[in-house]
Amino acid sequence: MRQINFKLDRGKTAVQYNRQGVEAMLSGSYREASYYLLSAVVCDPDYWPAFFNLGNSWAKLEDSEAAIWAYEQAVRGSDDYAPLFLNLGLLYCRQGRYRDSVPYLEHAWRLAPGRPTYAVALGYACYKLEEYGLSWHWYRKALRLDSGNERIRESMQMVGEKILATVE
Numbered sequence: 000m001r002q003i004n005f006k007l008d009r010g011k012t013a014v015q016y017n018r019q020g021v022e023a024m025l026s027g028s029y030r031e032a033s034y035y036l037l038s039a040v041v042c043d044p045d046y047w048p049a050f051f052n053l054g055n056s057w058a059k060l061e062d063s064e065a066a067i068w069a070y071e072q073a074v075r076g077s078d079d080y081a082p083l084f085l086n087l088g089l090l091y092c093r094q095g096r097y098r099d100s101v102p103y104l105e106h107a108w109r110l111a112p113g114r115p116t117y118a119v120a121l122g123y124a125c126y127k128l129e130e131y132g133l134s135w136h137w138y139r140k141a142l143r144l145d146s147g148n149e150r151i152r153e154s155m156q157m158v159g160e161k162i163l164a165t166v167e
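For the sequence shown, the residue numbers in numbering that gives the first Met the number 0 are 0 to 167.
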């Protein structure tokens, strides 16, 4: 009698559902993608890529709370995938939870220190927290990485004006 390894079969099934979910997301069918991705995490609750993709899908559907939940589940399985931490931090920012966003954004930066987008996200969160010195620091890092980016220059100028206003 052949013995079936249900854990292995469930893992393979989760990967297949995840793949179908990603394909649906790429075609813009985020609700359909969510169904596939939910099926993937039911098959294998430890398969963090499906939770990450589910978070992306729900974020596109503008369901921030659900997306945050999915990203937090993914964090349980991965501490080294920078886009996961960036996306979670950005969702916290979108909700106005800037203080909650900073540890995730800092972790994303530590994982991928050459990415100007990550430094900009930290600059923005610090700006919203009225930590203008830190905001300046992060925008300056971003500008060093992307010196031609006018939006970063404008953000730095805005932060500089806030710093000057607090000194006067």
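Backbone N, C-alpha and C fix where the C-beta goes; we use that ideal spot for every residue, glycine too.
On a predicted model such as this, the values are computed, not experimentally measured, just so you know.
Report buried or exposed for residue i, applying the criterion of at least 16 other Cβ atoms within 10 angstroms of its Cβ.
| i | result |
| --- | --- |
| I151 | buried |
| G54 | buried |
| P112 | exposed |
| L87 | buried |
| G132 | exposed |
| S33 | buried |
| P102 | exposed |
Using three-state DSSP, classify residue i as helix, strand or coil.
| i | result |
| --- | --- |
| Q15 | helix |
| E160 | helix |
| N52 | helix |
| A36 | Rather than Ala, the amino acid found at residue 36 in this sequence is Leu. Here L36 sits in helix by DSSP. |
| I3 | In this prediction, I3 has a pLDDT of 41, which is less than 50 and means its spatial position is unreliable; what the coordinates show is noted afterwards. Correct three-state label for I3: coil. |
| R9 | helix |
| L60 | coil |
| N86 | helix |
| T165 | helix |
Output yes or no for whether 8 angstroms exceeds the beta carbon distance between residue i and residue j.
| i | j | result |
| --- | --- | --- |
| C42 | A13 | yes |
| Y35 | G10 | no |
| I162 | W135 | yes |
| A39 | G20 | yes |
Can you tell me which of the options puts its alpha carbon nearest to the alpha carbon of residue i?
| i | options | result |
| --- | --- | --- |
| G122 | S100, L110, A111 | S100 |
| S56 | F84, G132, A23, V119 | A23 |
| L83 | M155, Y97, A66, N17 | A66 |
| Y91 | P115, E61, L110 | E61 |
| Q72 | K59, N52, L89 | N52 |
| Q156 | R139, V166, G76 | R139 |
For residue i, verify whether its CB is less than 7 angstroms away from any heavy atom of the ligand ATP.
| i | result |
| --- | --- |
| D78 | The ligand ATP is absent from the structure shown, which contains no ligands of any kind. |
How is the alpha helix (DSSP H) around residue i delimited, first residue to last?
| i | result |
| --- | --- |
| Q94 | Premise fails: Q94 is in no alpha helix (DSSP H) and is neither H nor E. |
| Y117 | 115–127 |
| S134 | 131–144 |
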